[in-house]
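In the numbering used here, the protein residues as written are 2 to 395.
Okay, here's the thing in structure tokens:
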């Protein structure tokens with residue numbers, strides 16, 4: 002029990018307790034808040050309740066006419082023969098199953114999963130891509146909560162509750178946002194995925210938001226752009242498109258949400274700048290290959306012996322790089338959270354930074370700016386790409 006208590010809310014964000022009478026669920030959100038829910042179970046048929054006998058079934062007695070009490074066997078009749086002359090209905094078998102219907106924001110039956118290599122011809126996850134399928138659904142779940150927190154969409158029901166109340170429509174239409182907009186509807190959300198690659202998460206984002214969002218994937222490889230645009234047309238996703246370009250020079254209009262997952266090294270900072278300059282209310286990035294600061298990193302005396310090991314240098318550079326990014330986003334007027342968005346079993350680069358626009362940008366000498374400079378001085382950092390982009394001298 003002590004181990005369960007330790008892991009719940011950290012490694013495991015969903016905990017379920019199943020009893021005969023009810024199911025209890027404890028869900029921990031990305032920001033650390035917890036939600037407790039309780040659901041009564043439907044009574045299962047008992048295996049001890051006999052089925053009613055039918056009067057029309059040969060070899061059985063009518064329910065209104067109890068069977069006669071058999072007389073003692075005569076000397077010429079064997080007890081086993083007498084037993085064979087009586088007929089009883091077979092004992093019912095209780096329907097016992099521990100399987101529950103799984104609700105996914107991106108159901109396994111989604112057509113575009115097949116050409117992207119997530120599912121096979123039978124509509125089952127390809128073994129090597131099962132982790133990617135879980136990553137897709139976890140990302141969309143997080144994005145839905147973050148978009149609601151940024152007041153870009155209405156707060157949604159918890160996933161399990163929505164699936165339990167509307168299993169059919171929930172699977173076919175992953176979000177209430179998929180309703181066709183009317184003439185009085187607000188303008189569609191504008192979402193850009195910078196460095197979209199093969200488009201797994203871009204497709205999932207477009208499918209979740211539906212016609213309520215225009216989704217643009219930016220990718221440098223033209224063959225992937227061509228593939229993804231063709232799949233978007235074939236799968237009736239008219240609000241999804243892909244364009245060739247780099248994060249730094251891609252043509253962007255104003256944005257509501259900017260996504261950049263696993264953009265290498267300072268490309269993450271370039272993406273953050275593009276989102277900030279485009280007025281994005283929500284920034285969601287997962288940094289990768291934090292190389293910029295490692296040559297600059299000067300270990301404080303107390304850490305010098307530990308940081309002589311290469312693996313510690315690498316991880317410390319990752320920490321310092323992303324900690325500075327989070328502080329710089331706060332200075333730029335965003336409410337920032339840093340968290341692990343999926344288990345390292347599925348990807349080693351699982352740190353995510355989310356930022357929601359909350360206030361105006363700070364000034365060059367305000368308290369937040371001074372804290373950033375103190376942090377940079379402590380580690381000997383003289384240059385950080387995002388600080389340069391934002392015009393804040395370290």
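C-beta: ideal position from N, C-alpha, C; glycine also.
With H, G and I counted as helix, E and B as strand and the rest as coil, what does DSSP make of residue i?
i, result
"residue 164", "Residue placement at residue 164 is flagged as unreliable, the pLDDT there being 35, under the threshold of 50; the coordinate-derived value follows with that caveat. It is helical."
"residue 261", "strand"
"residue 393", "coil"
"residue 84", "Low confidence applies to residue 84: its pLDDT is 42, below 50, so where it sits in the model is not reliable, and the reading given next is rough at best. If DSSP states are grouped into helix, strand and coil, residue 84 belongs with the helices."
"residue 28", "strand"
"residue 255", "coil"
"residue 111", "coil"
"residue 17", "strand"
"residue 137", "helix"
"residue 287", "strand"
"residue 234", "helix"
For the alpha helix (DSSP H) that residue i lies in, which residues bound it at each end?
i, result
"residue 292", "Where residue 292 is concerned, there is no enclosing alpha helix (DSSP H), given that its DSSP letter is neither H nor E."
"residue 317", "311-332"
"residue 271", "268-278"
"residue 202", "201-210"
Counting only the same chain and skipping the five closest in sequence on each side, list residues whose C-beta sits under 7 Å from that of residue i.
i, result
"residue 137", "107, 201, 202, 205"
"residue 319", "291"
"residue 242", "217, 230, 233"
"residue 130", "118, 119"
"residue 390", "270, 274"
Might you give, ordered along the chain, the residues of its own chain that have their beta carbon closer than 6 Å to the beta carbon of residue i, omitting 5 neighbours on each side?
i, result
"residue 121", "127"
"residue 268", "248"
"residue 260", "194, 285"
"residue 279", "253, 255, 256"
For residue i, which residues in the same chain have their Cβ closer than 8 Å to its Cβ, ignoring the five residues on either side in sequence?
i, result
"residue 114", "107, 120, 134"
"residue 295", "314, 315, 318"
"residue 124", "109, 110, 115"
"residue 334", "358, 359, 360, 361, 362, 363"
Rounded to the nearest angstrom, how far is the Cβ of residue i from that of residue j, given a contact under 8 Å?
i, j, result
"residue 264", "residue 229", "Residue 264 to residue 229, Cβ: 17 Å. No contact."
"residue 359", "residue 338", "Their Cβ separation, rounded to whole angstroms, is 12 Å, which puts residue 359 and residue 338 out of contact at 8 Å."
"residue 381", "residue 297", "6 Å"
"residue 387", "residue 270", "4 Å"
Tell me the residue span of the beta strand (DSSP E) that contains residue i.
i, result
"residue 337", "335-341"
"residue 125", "Unbroken run through residue 125: none, as it is neither H nor E."
"residue 220", "214-220"
"residue 304", "Careful: residue 304 lies outside any beta strand (DSSP E) and carries neither H nor E."
"residue 156", "From DSSP, residue 156 is part of no beta strand (DSSP E); its letter is neither H nor E."
"residue 39", "35-41"
"residue 241", "241-245"
Cβ-heavy atom distance between residue i and the ligand ADP below 7 Å?
i, result
"residue 318", "What this structure holds is no ligand at all, so the ligand ADP is not there to describe."
Completely contained beta strand (DSSP E) runs for the segment 351-379, where each covers 3 or more residues: For the segment 351-379, whole beta strand (DSSP E) runs of length 3 or above, ordered along the chain, are 352-358.
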